[in-house]
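136 is the number of the first residue of the sequence shown in the numbering used here; add one for each residue after it.
One structure is given here, and the rest of the page talks about it.
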Amino acid sequence: MHLAHLRLRDFRNYQRLDAEFTPGFHLLLGANAQGKTNILEAIYLLATLRSFRGVVGAPMVRHGQKGYFVGGRVVAQGEHEIKRYWSPHARKLTLDGQPVRRLTDYLGTLRTVVFCTDDLQLVKGLARARRRFLDLLLSQTHPTYLPLLQRYTQALRSRNALLKQPLLDEAALDSFSQELVPLGNDLIRFRAELTPQLSSLTCRAYRRIAHAAEELRLEYQPCVKTDFAVELAQFRQRERACRLTLVGPHRDDLRLLLDDQSAAEFGSEGQQRTLALALKMAQAEYLTGLHGAPPVLLLDDVMGELDGQRRSGLMPLLERAHEARGQVFMTATAESWPRELGRELQRWTVEDGALSAITA
Ligand SMILES: Nc1ncnc2c1ncn2[C@@H]1O[C@H](COP(=O)(O)OP(=O)(O)OP(=O)(O)O)[C@@H](O)[C@H]1O
Ligand SMILES: [Mg+2]
């Protein structure tokens, strides 16, 4: 799978961009604040309809403009044309000229995995970051997962709104609970099934990078211990006081354990960085295994940051992507690319919202 064409209009600091990309490695070089990450953000947006910077909509519109456009041509088994327009008043998404009605028909057209400095939050950050990681991976691989998650989130929102009312309507609360429970149970099942596979892939990646003796384990920690419906009922009094739904998969976590100790609390900086990288490598490998083709890899500023050992741990993943005619985009402020892959590399310079190919 690769992105053959990228078109931007009024996206971040790009007034207009039209670029053709071959499969293989692309290195985007440029000084700070020129628009390197913005390109990766646009590619990721085509894949997931989200920004990996955690923003939605407006910040991505070029200053002073009404809306942004991001389009792409993806070559996989077949070819697909994606067009995305966003403004505060109008949102359009078409796939091969047809409006996209259900996200499940769309997601998977382009699959990406992004590696960025923020990944450390997967280890050090709140449970929310790890839930999002699981949710994204499940949405990328199981067409029924995202609609399920959306229905759960909607039901949860309604239930929370009800809990905030001065006079609690018990019957309405019960009916929301009844809606929430089966959806929540399905989410829990998906996450529980994914975790052991993800755990073994992450362990393998971790070992490849760290050559270390410590044992890594991922453990799914559902908030619901045995019976969602029963536990919701038990929490009814406390939920009234807090005015929030206190039990359910929206409170799950994925525990990351090194020698049975929490990596966030006890891991060294180096162990945490290695683990964050290993989680992303596992994501890429899981997608490759399931779809038979590697996702497009987006590496934002990571190569410069990694020491030799972690770089060489990442190398097999990049090589495999290359062999399978996949595609890798990397950003860097200075040439920091291992020479052994240099021959096969397309270099680009990014300067003030313009991208130009460097011909060797
Ligand atoms: N909505 C926007 N409209 C116009 N310019 C924007 C917008 N959002 C961000 N920018 C500009 O884009 C530039 C940052 O782009 P980007 O984050 O891609 O930089 P970069 O090349 O990755 O830099 P670094 O090496 O520091 O990571 C900044 O100059 C910023 O002001
Ligand atoms: Mg950047």
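A virtual CB, placed ideally from N, CA and C, is assigned to each residue, including glycine.
Since the structure is predicted, the reported quantities are computational estimates derived from the model, not experimental observations.
- If you check the CB distance, tyrosine 355 and alanine 327 come in under 7 Å.
- Where glycine 405 is concerned, the enclosing alpha helix (DSSP H) starts and stops at 404 to 426.
- For leucine 281, same chain residues with a beta-carbon under 7 Å away, outside a window of 5 residues either side, are Leu238, Thr239, Leu242 and Ser274 in chain order.
- Look at proline 429 here: in three-state DSSP terms it is coil, with no helix or strand label.
- When secondary structure is reduced to three states using DSSP, leucine 138 falls in the strand class.
- Threonine 172 has its Cβ nearer than 6 Å to a heavy atom of ligand 2.
- In the three-state reduction of the DSSP assignment, proline 234 falls in the strand class.
- For proline 451, same chain residues with a beta-carbon under 8 Å away, outside a window of 5 residues either side, are Arg343 in chain order.
- In the DSSP assignment, no residue is bridged to alanine 459.
- Closest option to histidine 224, judged by alpha-carbon separation, among Gln313, Lys201 and Leu152: Lys201.
- Under DSSP, phenylalanine 187 forms no beta bridge with any residue.
- With 16 or more other CB atoms across the displayed protein chains lying within 10 angstroms of its CB, aspartate 254 is buried.
- Remark: the shortest separation between the CB of histidine 198 and any heavy atom of ligand 1 falls under 6 Å.
- Only residues of its own chain outside the window of five on either side were considered, and among them Asp435, Asp436, Val437 and Glu440 have a CB closer than 8 Å to the CB of threonine 252, listed in chain order.
- Relative to ligand 1, glutamine 356 has its C-beta separated by 6 Å or more from all heavy atoms.
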